[in-house]
Structures are given as C-alpha cells and as structure tokens.
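Colleague: Note that the UniProt record's numbering numbers the sequence shown so that position 79 is 79, with each residue one more than the last.
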Amino acid sequence: MLNLKRSIMKGNHFITRRWFGTFALATMSTLILGSCATDGFDEDESFVRDVTNTQLLSPSADDITITASTDGSKTVISWNIVDGAGGYNCHVLNVTDPDNPVVVKDTLMDNNTFAVTREEDANYSFSIRTLGDEKLGNTTAEDSTVVTFSTFSPSYTTIPAGTNLTEYFAQNAIPDSSDIVTYDLEGGAEYTLSDFIDFGAHKVMLRCQNKANKAKVIMASETAGIRTAAAMTLKNLYLDYSASSEPVISLSKDAPASILNLLGGTGGYYIIKDGAIYVNNCEIEGVNNKFMYDNNVKYCLENFLMDNSVVHFTTNTTSIESQAYFYYKAGFIKTLTIKNSSLYNTGSSSVKYVIQYNNSGRASRAGYDATEPQGINFLNNTFYNLGISGGQFCNYSAFVGQSNTTFDVEANIFVKCCVGGGGIARRILGQKAASSYKSGATFALNTYWADGAAETGVESYDDSGKILTTDPALVNPDAGNLTPQGAEQLSYKTGDPRWLTAE
C-alpha cells in the first residue's frame with residue numbers, strides 16, 4: 001500500500017508536510033540544475049499541439065497516480081498529459097532520512113508514465129515540472145508539483161516516547177481487525193515494559209520507521225516480555241532483555257478457541273496462520289531465557305521468520321527449560337526461517353538445542369494436507385557458541401524422514417556450535433541423509449568450525465560438495481564482533497551480511 005501526501009514547490013521553496021520536513025533548498029536546486037538522463041526525449045505525436053503562446057502549468061497533485069506494480073517490485077508513476085508541453089522534468093527521491101535524500105531517478109520525460117524500484121519501508125518524494133515548447137511559444141511552468149508517498153504499511157498510532165508499554169496496552173484496547181494493527185515507536189526513543197504484554201488473537205506490529213535509529217524497548221522486570229496467539233511483527237527495534245527471565249516471544253497461555261483445529265483436523269492444535277511471527281531488523285540484547293516458547297500449549301505456528309537481526313544470548317542453562325532456544329513443548333513451527341542474521345551466546349553455558357519441537361508435531365497432524373511443506377531454512381547467518389551442552393542442536397523427530405519435510409541451509413557460518421554432538425548438518429537433518437528427503441534438502445557454502453578445526457564427517461549429511469573447511473576467523477565473537485576474516489568466507493560472502501566489509 002502506498003501512503004500519499006502532496007505539496008507544491010514554489011520556485012525554489014517547498015511547502016512542507018510532516019516528515020518531509022526541512023528538505024534543503026540546495027539539494028533540490030542541485031538536482032534540478034544537474035545533468036539529467038533523458039528517457040527517449042524526442043518529438044512525440046502524443047503531445048497536443050493546439051495550445052500555443054501559453055505559460056504552462058505542472059500536472060496537479062490530483063492528476064498524479066502512484067501505484068505498486070502487480071508483483072510489488074516497482075512503483076509506477078503516471079500523470080495526465082499537459083497540452084502543449086515539450087516534456088517533463090521528473091525527480092524521485094528516497095527521503096526516509098530527510099537530512100540525506102537519495103536520488104532514485106532524475107530524468108527528462110517525453111511521455112507520462114515511468115516506473116522505479118520499490119523499496120519496502122521507505123518514504124519518497126516525486127517532483128514534476130512541465131517543460132515548455134519553443135516551437136509553440138509555450139514556456140516552462142513556474143512551479144513544480146511535489147507528491148510524497150510511502151511504502152510503509154499504514155500506522156494505527158504512534159506511541160509517545162518514554163511510554164510504559166505494559167500500561168499502555170492495558171489502558172488502550174487493540175482494535176478488532178482482520179488486518180495487522182501497526183503501532184509506531186519513535187526513532188531513538190526509549191520505552192519500557194514493566195510486565196509481559198499479551199496481544200492474544202490480535203495481529204500486531206510494533207515498528208519504528210527509522211531503520212538506522214531504532215526505538216529502544218527495555219524489559220524492566222523479570223516478567224517482562226511479549227506474548228501473542230496471532231501473527232506478529234517486530235520491526236526496527238532494539239530490545240533489551242537483560243533484566244528479564246522471560247523468553248523473547250511466548251505464545252499466549254490462553255489460546256483463542258477460534259483457532260482450535262482451524263484447518264479441520266482433529267489433533268487439537270491451535271493454528272496461527274494468515275501471516276508470520278516476523279522479526280525484522282531488530283537487535284535483541286541480553287537474552288537470559290529462550291528466544292521462543294509455546295507455553296506448553298499445543299500450537300502450530302505456520303511461519304516464523306527472522307531477517308536482518310542480531311540476537312545476543314547470555315545463557316545460564318539452569319534457567320532454560322529443556323535447554324532449547326526455540327522450544328515448542330506441546331506444538332511446533334511448520335516452517336522456520338532465519339536469514340541474514342546473527343545468533344550468538346556469551347553466557348557461562350550453552351544450551352543443548354537451538355530448536356526443539358514436541359515429538360508428535362508435524363503439519364499433517366495439525367490438519368494440513370500430507371504434501372504441505374514443513375521444514376527449516378538457515379540462509380546467510382552467523383551462529384556462535386550455540387547448542388554445545390550435549391550438542392544436539394536440532395530435535396524435531398516428527399519431521400524426520402517425512403516426504404514433505406524440506407531443508408535449505410546455505411552460506412552460513414557455524415562456529416563453536418554442536419560441539420561433541422556428531423555434527424551440525426547431521427542434527428539438522430535428524431540423522432538422516434539429505435538424499436532421503438524427497439522434497440529436498442539443499443546445502444551449500446556452509447562453514448562448520450568447531451574447536452579450532454573443521455568438523456569431520458560432514459560430507460555424509462551435507463552432500464553439496466561445497467563445504468568451506470577453513471577457519472572463518474571471527475574477529476572477537478565473545479565481544480559481539482562476528483566479522484569474518486577467513487579468505488574463503490569473504491570470497492563467497494557467507495554468514496550474516498552485516499559483518500562483510502563493503503568493497
């Protein structure tokens with residue numbers, strides 16, 4: 001969805017709107033006067049020639065249409081033709097950081113539509129100025145029209161800086177909606193939770209629109225944490241769990257009756273579908289307990305996705321039930337994906353499992369068709385000091401050997417993980433060969449580095465023929481610096497991309 005705001009540029013000045021703010025005169029002047037790439041600028045019979053000797057106007061804001069392409073990858077901008085025009089001077093800027101606008105497109109147009117790349121969660125401005133036609137005696141418009149638009153999903157409200165979120169949600173009911181309800185937190189602002197919050201059956205997004213200056217949420221008690229029984233998104237947040245003994249995310253103890261056997265099955269599962277539990281561009285610090293827990297309720301979470309995030313565990317295994325970071329005691333996650341992220345532990349101990357599901361949990365038992373895919377995806381991650389105590393790493397026995405189970409494990413760096421447990425790839429696959437999974441088990445360019453040496457016997461499970469066997473030489477993982485220095489890892493750009501030095 002595109003959120004539109006409109007303004008007019010008079011001469012060299014903007015009439016500004018909200019976040020569009022104090023966009024600098026010098027910046028826009030440079031863009032307008034600088035060299036432009038011309039998109040097929042020539043005499044075009046589509047221009048109307050019966051308007052002569054006229055001071056032209058730029059298209060009005062109401063005559064400009066901005067939409068997403070069908071696949072969502074482009075933003076399509078079009079406008080009504082101005083009679084007698086010789087063309088249009090067009091500029092698209094990414095103004096997500098209003099102090100540092102980025103040119104997306106700067107061009108002269110001889111038609112009335114074009115497309116630009118559409119980046120998720122960004123603010124943009126589009127300016128257009130009608131150019132004159134000397135042959136017709138028509139002169140260039142004095143003013144440019146500026147339309148601002150956004151690819152952020154609509155916000156329900158912005159919660160003021162300094163708010164205790166536990167009290168806020170206790171006093172302000174979440175509206176009933178079939179869509180996700182988005183609460184924005186202010187960039188760089190600090191918030192607290194004095195106790196856990198439970199969104200229940202409401203789909204909620206907690207978001208900061210400033211990707212670079214995240215909102216900080218501090219868990220201010222041992223019981224502070226986040227619970228849900230529905231799809232949920234945490235985006236662009238810094239979450240400090242140092243004072244909490246709760247999991248980062250728990251599923252609600254009181255599961256909504258409306259989602260029991262939602263798919264028509266008889267297994268007694270509470271199905272969370274129509275969206276994922278999604279953690280995007282978050283930094284999660286000081287995790288003393290599990291990352292995720294089902295509270296011993298028989299949930300089937302359809303999708304969990306973590307992308308572009310960092311999770312710092314400070315583990316003492318005596319505080320973690322079953323010694324698992326993703327622990328579904330009664331249920332399971334149908335598809336778990338972690339990509340472009342770092343999970344590392346600097347605590348005094350390490351847990352036994354990164355992932356553990358109930359031994360009976362699989363998709364068909366929750367009411368899905370027997371061919372419905374279920375599985376695990378690890379893509380471009382860096383893992384450090386995880387799953388050492390007993391070295392099991394993953395345990396989901398009901399997934400093992402099933403024809404609909406899939407694995408995609410590519411370009412990861414595993415350091416000091418699953419030591420003594422018989423191998424990471426072996427544990428991910430449930431001690432079955434990759435070839436035994438009919439729906440596919442893909443491995444490529446992974447590093448399995450244990451205590452100062454590459455794991456042995458990996459090829460029996462990771463049969464890709466593309467295993468990196470050299471030391472990734474992480475700079476200082478115990479201090480949170482997971483930058484790889486190994487030549488192979490740098491050459492293939494493996495691990496969490498945030499640690500790769502820009503070329």
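C-beta atoms are modelled at their ideal positions from N, C-alpha and C, and glycine is treated no differently.
Would you tell me roughly how many angstroms separate the C-alpha atoms of THR494 and ASN481, rounded to the nearest one?
Modeller: Within the sequence shown, numbered from 1, the residue matching residue 494 stands at position 494. Within the sequence shown, numbered from 1, the residue matching residue 481 stands at position 481. Cα-Cα distance, rounded: 15 Å.
Colleague: With which residues is HIS91 paired in a DSSP beta bridge?
Modeller: Position 91 of the sequence shown, counting from 1, holds the residue named residue 91. Answer by DSSP bridge pairing, in chain order: ASP106 and SER127.
Colleague: What separation, rounded to the nearest whole angstrom, lies between the Cα atoms of VAL146 and GLU283?
Modeller: On the sequence shown, residue 146 is found 146 positions in, with the first residue counted as 1. On the sequence shown, residue 283 is found 283 positions in, with the first residue counted as 1. Those two C-alpha atoms are separated by around 36 Å.
Colleague: Report all residues from its chain with a CB closer than 7 Å to the CB of ASP294; omit the five preceding and five following residues, and keep chain order.
Modeller: Within the sequence shown, numbered from 1, the residue matching residue 294 stands at position 294. Answer for ASP294: LEU251, TYR328, LYS329, ALA330 and GLY331, listed in chain order.
Colleague: Since ILE174 and MET205 should fall inside the 8 Å C-beta cutoff, what is the C-beta to C-beta distance between them, to a whole number of angstroms?
Modeller: Indexing the sequence shown from 1 puts residue 174 at position 174. Indexing the sequence shown from 1 puts residue 205 at position 205. So it is not a contact: roughly 11 Å between Cβ atoms.
Colleague: Strictly by DSSP, which residues pair up with ASP307?
Modeller: If you number the sequence shown from 1, residue 307 lands on position 307. DSSP, once it has assigned bridges, lists ASN280 and LYS339 as partnering ASP307.
Colleague: Which word fits GLY420, buried or exposed, when buried means at least 16 other C-beta atoms lie within 10 angstroms of its C-beta?
Modeller: Residue mapping note: residue 420 aligns to position 420 of the sequence shown, counting from 1. Exposed is the call here.
Colleague: What does ASN111 pair with, by DSSP beta-bridge criteria?
Modeller: Reading the sequence shown from its first residue, position 111 is the one you call residue 111. Beta-bridge pairing links ASN111 to no other residue.
Colleague: From which residue to which residue does the alpha helix (DSSP H) around PHE378 run?
Modeller: Within the sequence shown, the letter at position 378 stands for residue 378. Element bounds for PHE378: not the alpha helix (DSSP H) but the beta strand (DSSP E), 374-379.
Colleague: Suppose you measure from the CA of SER309 to the CA of ILE338; what does that come to, to the nearest Å?
Modeller: By 1-based counting over the sequence shown, the position of residue 309 is 309. By 1-based counting over the sequence shown, the position of residue 338 is 338. Approximately 9 Å between the Cα atoms of the pair.
Colleague: Taking just the CA atoms, how far does GLU119 sit from GLN209?
Modeller: For this step, residue 209 is matched to residue 209 along the sequence shown. For this step, residue 119 is matched to residue 119 along the sequence shown. The alpha-carbon atoms of GLN209 and GLU119 are separated by roughly 13 Å.
Colleague: For TYR492, which of LEU468, ARG498 and ASP478 has the nearest alpha-carbon?
Modeller: Taking the sequence shown and counting its residues from 1, the one referred to as residue 492 is at position 492. If we check each option's Cα against that of TYR492, LEU468 comes out closest.
Colleague: By DSSP, does GLU321 sit in helix, in strand, or in coil?
Modeller: The count along the sequence shown starts at 1 and reaches residue 321 at position 321. Of the three classes helix, strand and coil, the one that applies to GLU321 here is helix, per DSSP.
Colleague: Excluding the five sequence neighbours on either side, which residues of its own chain have a C-beta within less than 8 Å of the C-beta of ASN316, listed in chain order?
Modeller: Counting from one through the sequence shown, the residue named residue 316 turns up at place 316. ASN288, GLY347, SER348 and SER349.
Colleague: So, is residue 524 buried or exposed, given that buried needs 16 or more other C-beta atoms within 10 angstroms?
Modeller: Since the first residue of the chain shown is 1 and the last is 503, residue 524 is not available in this structure.
Colleague: If you reduce the DSSP assignment to three classes, tell me which class GLN489 lands in.
Modeller: What you label residue 489 is simply residue 489 of the sequence shown in a count that begins at 1. GLN489: helix per DSSP, three-state reduction.
Colleague: Using the Cβ count rule (16 or more neighbours within 10 Å means buried), how would you classify VAL82?
Modeller: Translated into the one-based positions of the sequence shown, residue 82 becomes position 82. Burial call: buried.
Colleague: Under the assumption that TYR191 contacts THR157 (Cβ atoms under 8 Å), give the Cβ distance between them as a whole number of angstroms.
Modeller: Taking the sequence shown and counting its residues from 1, one reaches residue 191 at position 191. Taking the sequence shown and counting its residues from 1, one reaches residue 157 at position 157. No, TYR191 and THR157 are not in contact; Cβ-Cβ is about 14 Å, not under 8 Å.
Colleague: Measure the alpha-carbon distance for THR22 versus GLU142 and round it to whole angstroms.
Modeller: The residue you call residue 22 lines up with position 22 of the sequence shown. The residue you call residue 142 lines up with position 142 of the sequence shown. With a pLDDT of 35 at THR22, under the threshold of 50, the modelled position of that residue is not reliable, and the figure given next carries that caveat. For THR22 and GLU142, the distance between alpha carbons rounds to 21 Å.
Colleague: With DSSP as the reference, identify every bridge partner of GLN55, one or two as the case may be.
Modeller: Within the sequence shown, residue 55 is the residue found at index 55, counting from 1. Answer is THR139, bridged to GLN55.
Colleague: Can you list, in chain order, the residues of its chain whose CB lies under 6 Å from that of LEU256, leaving out five sequence neighbours each side?
Modeller: Within the sequence shown, numbered from 1, the residue matching residue 256 stands at position 256. The question names Leu, yet the displayed sequence has Pro at residue 256. Around PRO256: ALA201 and ALA229.
Colleague: Whole angstroms are fine: how far does the CA of SER403 sit from the CA of THR65?
Modeller: On the sequence shown, position 65 is the one that residue 65 refers to. On the sequence shown, position 403 is the one that residue 403 refers to. So the two alpha carbons sit approximately 48 Å from each other.
Colleague: Indicate whether GLY187 and THR52 have their beta-carbon atoms separated by less than 8 Å.
Modeller: As a working note, residue 187 is residue 187 in the sequence shown. As a working note, residue 52 is residue 52 in the sequence shown. No. Outside cutoff.
Colleague: Can you tell me whether DSSP reads ALA398 as helix, strand or coil?
Modeller: Taking the sequence shown and counting its residues from 1, the one referred to as residue 398 is at position 398. ALA398 falls in the coil class under three-state DSSP.
Colleague: Any idea which residues DSSP pairs PHE414 with across the strands?
Modeller: Position 414 of the sequence shown, counted from the first residue, corresponds to residue 414. Answer is PHE383 and TYR448.
Colleague: What residues are listed by DSSP as bridge partners for ASP240?
Modeller: The residue labelled residue 240 in the question sits at position 240 within the sequence shown. Paired residue(s): ILE218 and GLU285.
Colleague: Rounded to a whole number of angstroms, what is the C-alpha to C-alpha distance between PRO497 and ALA411?
Modeller: Within the sequence shown, numbered from 1, the residue matching residue 497 stands at position 497. Within the sequence shown, numbered from 1, the residue matching residue 411 stands at position 411. Cα to Cα, PRO497 sits roughly 10 Å from ALA411.
Colleague: For THR117, I'd like the list of residues in its chain whose CB is within less than 8 Å of its CB, leaving aside the five on either flank, ordered along the chain.
Modeller: Counting from 1 along the sequence shown, the entry for residue 117 is found at position 117. Here the set comprises SER73, LYS74, THR75 and VAL104.
Colleague: Please state whether the Cβ-Cβ distance between PHE199 and PRO247 is less than 8 Å.
Modeller: Position 199 of the sequence shown holds residue 199. Position 247 of the sequence shown holds residue 247. Contact: no.
Colleague: Is it true that the CB of GLY452 sits closer than 8 Å to the CB of THR406?
Modeller: Indexing the sequence shown from 1 puts residue 406 at position 406. Indexing the sequence shown from 1 puts residue 452 at position 452. In this structure, GLY452 does not lie closer than 8 Å to THR406 by Cβ.
Colleague: Could you compute how far the alpha carbon of ASP307 sits from the alpha carbon of THR140?
Modeller: Against the sequence shown, residue 307 aligns to sequence position 307. Against the sequence shown, residue 140 aligns to sequence position 140. Between ASP307 and THR140, the C-alpha separation is close to 47 Å.
Colleague: Considering only their Cβ atoms, is the gap separating ALA366 from LEU239 smaller than 8 Å?
Modeller: Sequence index remark: in the sequence shown, residue 239 carries index 239 (1-based). Sequence index remark: in the sequence shown, residue 366 carries index 366 (1-based). Result no, Cβ atoms of LEU239 and ALA366 do not sit closer than 8 Å.
Colleague: At which residues does the beta strand (DSSP E) containing THR166 begin and terminate?
Modeller: Against the sequence shown, residue 166 aligns to sequence position 166. Not the beta strand (DSSP E): THR166 falls in the alpha helix (DSSP H), residues 165-171.
Colleague: TYR325 to TYR241, Cα distance in whole Å?
Modeller: If you number the sequence shown from 1, residue 325 lands on position 325. If you number the sequence shown from 1, residue 241 lands on position 241. Going from the Cα of TYR325 to the Cα of TYR241 covers about 14 Å.
Colleague: Along the chain, where does the beta strand (DSSP E) that runs through ALA370 open and close?
Modeller: As a first step, residue 370 is located in the sequence shown; it is residue number 370 there, counting from the start. Run containing ALA370: none; DSSP gives neither H nor E here.
Colleague: Name the residue from ASP254, LEU500, ALA434 and TYR368 whose alpha carbon lies nearest to the alpha carbon of ASN340.
Modeller: Residue 340 sits at position 340 when you count from the first residue of the sequence shown. Relative to the Cα of ASN340, the nearest Cα in the group ASP254, LEU500, ALA434 and TYR368 belongs to LEU500.
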